[in-house]
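Just so we're aligned: the sequence shown equals residues 172 to 292 in the numbering used here.
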Amino acid sequence: MKTCLVVDDSKVIRKVARHILETLDFTVEEAGDGQEAMTACLSEVPDVILLDWNMPVMSGIEFLRELGHTTLPRRPKVVFCTTENDTAHIRAAIDAGADEYVMKPFDRDTLESKLQLVGVA
Ligand SMILES: [Mg+2]
């Protein structure tokens, strides 16, 4: 089974994402901010990370930059979540190492197609 780390400060969003991902046969781990996500990655690298943008402690973009200069056994794919079709946000995230982005709120089909695009579904 593929593993997905869901990183979002909203417990509701994590729950929705977990439900969708489990129907897509992913094993799901959760983190409430970028710092927790980094700790999770250092412990076990997920196949893919679903990454929120706005979070306390460590934001999505800060996490991406940290991930960029952290040595891990392998590099997880990163799909970052944005609430608006903000091209500046999307550009900044891709520049910082994100593989894809998905607009919130996302449904099962949208998320599945993004996971296929990065090669994990
Ligand atoms: Mg948030």
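C-beta: ideal position from N, C-alpha, C; glycine also. Nothing here was measured: the structure is a model prediction, and the numbers come from that model.
Check, Outcome
"Neighbour-count burial assignment, L192, 16 or more Cβ in a 10 Å radius", "buried"
"Euclidean distance between Cα positions of Y272 and S214", "25 Å"
"Where A202 sits in the DSSP three-state scheme", "strand"
"Span of the beta strand (DSSP E), counted from its first residue to its last, around V273", "E271 to M274"
"According to DSSP, residues forming a beta bridge with I220", "L176 and V249"
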